[in-house]
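Everything below concerns the one structure shown next.
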Amino acid sequence: MAERANLVFHNKEIDGTAMKRLISRLIDHFGMGYTSHILDQIKALGFHQATTTSISLGIEDLLTIPSKGWLVQDAEQQSFLLEKHYYYGAVHAVEKLRQSVEIWYATSEYLKQEMNSNFRITDPSNPVYLMSFSGARGNASQVHQLVGMRGLMADPQGQMIDLPIQSNLREGLSLTEYIISCYGARKGVVDTAVRTADAGYLTRRLVEVVQHIIVRRRDCGTIRGIFVSPQNGMTEKLFVQTLIGRVLADDIYIGSRCIAARNQDIGIGLVNRFITTFRAQPFRAQPIYIRTPFTCRSTSWICQLCYGRSPTHGDLVELGEAVGIIAGQSIG
Numbered sequence: 001m002a003e004r005a006n007l008v009f010h011n012k013e014i015d016g017t018a019m020k021r022l023i024s025r026l027i028d029h030f031g032m033g034y035t036s037h038i039l040d041q042i043k044a045l046g047f048h049q050a051t052t053t054s055i056s057l058g059i060e061d062l063l064t065i066p067s068k069g070w071l072v073q074d075a076e077q078q079s080f081l082l083e084k085h086y087y088y089g090a091v092h093a094v095e096k097l098r099q100s101v102e103i104w105y106a107t108s109e110y111l112k113q114e115m116n117s118n119f120r121i122t123d124p125s126n127p128v129y130l131m132s133f134s135g136a137r138g139n140a141s142q143v144h145q146l147v148g149m150r151g152l153m154a155d156p157q158g159q160m161i162d163l164p165i166q167s168n169l170r171e172g173l174s175l176t177e178y179i180i181s182c183y184g185a186r187k188g189v190v191d192t193a194v195r196t197a198d199a200g201y202l203t204r205r206l207v208e209v210v211q212h213i214i215v216r217r218r219d220c221g222t223i224r225g226i227f228v229s230p231q232n233g234m235t236e237k238l239f240v241q242t243l244i245g246r247v248l249a250d251d252i253y254i255g256s257r258c259i260a261a262r263n264q265d266i267g268i269g270l271v272n273r274f275i276t277t278f279r280a281q282p283f284r285a286q287p288i289y290i291r292t293p294f295t296c297r298s299t300s301w302i303c304q305l306c307y308g309r310s311p312t313h314g315d316l317v318e319l320g321e322a323v324g325i326i327a328g329q330s331i332g
């Protein structure tokens, strides 16, 4: 019972971002084996809660935004003024299209913000709100089209149509709006097919170039590396992301005391010590010299220490790992 009393209780909502952070901390502190056991329990809890909650969806759950009427009216007035300026020759046709798109885009984005606060204040347990903002199904943009406005559409050439769809799918579309909507929907289907083909071709070319890069040795013996320091305009978050998983190319000293040796891999504990030092003594703290694949002495392969930790298991990458193919597939 005494052990349970010492446990930290976090009373907060765990969304996708918070879950990623939690998993990362669990791996850092307890390793992969114990983390997988905890994640199994979280998965079982999630399935149980999803079953007992039994979320269903009806048309009454699509809450319309009260401020939509005057927002659309304001945008129409701005568009009318723009039309007058164009009629009298004060605005060019290209500039008119650009400004019209900007007006309706700003209105659509403001409606999206209003939609979030409307759900949060009116009904935080709304099924549409829960499903989209938890990441289970759908996203904010799709919900916005259901309860806000469909907004601007693109024609088959990719040009924005300056006549926006002011209605949402809950209210229903007029004939003109439906035809414009079909324009945009067709463009979306064609683009998806083209993007899939392009992505596959890019992956193939990348893998072809880097497939020979394999981890063949533990250490290439290089003395080269790159310097990393938060004093060079680098944010603290980027500083942490750059260092974690890398290997030191030189010893790190605080005063006359060595706190980390060359060829030591950098974990979260060591990074926190570096940050504390930089905060306490920003002018005396030395930049950190790390090894990277760019400075590896080998030409056709790579060594363990220059590659660093594998994101898969959090330990140094294994010998024989085809890191080139992994990188090519990750980018493509």
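So the sequence shown is residues 1 to 332, counted in full-length UniProt numbering. C-beta atoms are modelled at their ideal positions from N, C-alpha and C, and glycine is treated no differently.
Continuous beta strand (DSSP E) stretch holding residue i: start and end
i    : result
V228 : 226-228
V194 : No beta strand (DSSP E) holds V194; the alpha helix (DSSP H) holding it covers 175-210.
E215 : According to the sequence as given, residue 215 is Val; it is not Glu. Looking at the DSSP string, the run of the beta strand (DSSP E) that includes V215 is 215-217.
Straight-line Cα distance separating residue j from residue i
i    : j    : result
A185 : Y178 : 10 Å
Q159 : A75  : 20 Å
T107 : W70  : 10 Å
K12  : A44  : 19 Å
P124 : S134 : 12 Å
I275 : E236 : 8 Å
V228 : P311 : 20 Å
Q304 : S298 : 12 Å
S117 : G221 : 57 Å
A136 : A197 : 27 Å
L253 : V271 : A quick correction: the sequence has Tyr, not Leu, at residue 253. Each residue's Cα considered, the two are about 14 Å apart.
M115 : S174 : 22 Å
G200 : H212 : 20 Å
R279 : G31  : 29 Å
R309 : S256 : 29 Å
A140 : P66  : 18 Å
G172 : Y110 : 21 Å
G89  : V194 : 40 Å
R204 : S79  : 47 Å
S54  : L130 : 12 Å
L63  : V147 : 6 Å
R262 : L319 : 20 Å
K187 : Q142 : 17 Å
H48  : D15  : 17 Å
Y183 : G151 : 13 Å
L169 : Q145 : 6 Å
T277 : I259 : 11 Å
P156 : Y105 : 19 Å
G138 : Q113 : 17 Å
S132 : F119 : 11 Å
I223 : I42  : 45 Å
A50  : E321 : 39 Å
T176 : Q77  : 20 Å
D191 : R21  : 34 Å
S300 : P287 : 30 Å
R273 : M234 : 17 Å
N-terminal and C-terminal residue of the alpha helix (DSSP H) that residue i is part of
i    : result
R25  : 16-53
W301 : Counting along the chain, W301 falls outside any alpha helix (DSSP H), and DSSP gives it neither H nor E.
L243 : 236-243
D74  : 68-87
H330 : According to the sequence as given, residue 330 is Ser; it is not His. Run containing S330: 323-331, per the alpha helix (DSSP H) assignment.
Cβ neighbours of residue i in the same chain (closer than 6 Å, five flanking residues each side left out)
i    : result
G225 : A249, Y289, I290, R291, T295
V72  : Q166
D219 : C303, L305
I325 : V207, Q211
F239 : P230
H29  : none
L57  : P127
Neighbourhood of residue i by C-beta distance below 7 Å, restricted to the same chain and skipping five residues each side
i    : result
D61  : N126, P127, V128
A327 : V210
T52  : none
D162 : L97, S100, V101
Y307 : V215, P293, V317, V323
M153 : I161, I165, I180, S181, Y183, G184
Q329 : T203, V207
I121 : none
Check: residue i C-beta below 7 Å from any heavy atom of the ligand NAD
i    : result
D250 : Absent from the structure shown: the ligand NAD. Ligands present: none.
Spatial neighbours of residue i in its chain, beta-carbon cut-off 8 Å, leaving aside the 5 residues before and after
i   : result
L82 : V91, K96, Q99, S100, I103
A93 : Y86
I23 : T35, L39
I27 : T35, G314
Residue-level contact to chain D via CB, residue i, 8 Å cutoff
i    : result
G151 : Given the protein chain composition of this structure (a single chain), no chain D is represented.
Legend entry - Continuous alpha helix (DSSP H) assignments of at least 4 residues falling wholly in the segment 255-299: 268-280
Legend entry - Every unbroken alpha helix (DSSP H) inside the UniProt domain "RNA polymerase Rpb1" (93-157) [4 residues or more]: 93-122, 127-134, 140-147
Legend entry - Three-pair Cβ contact test at 8 Å for the segment 265-279 versus the segment 239-256: yes
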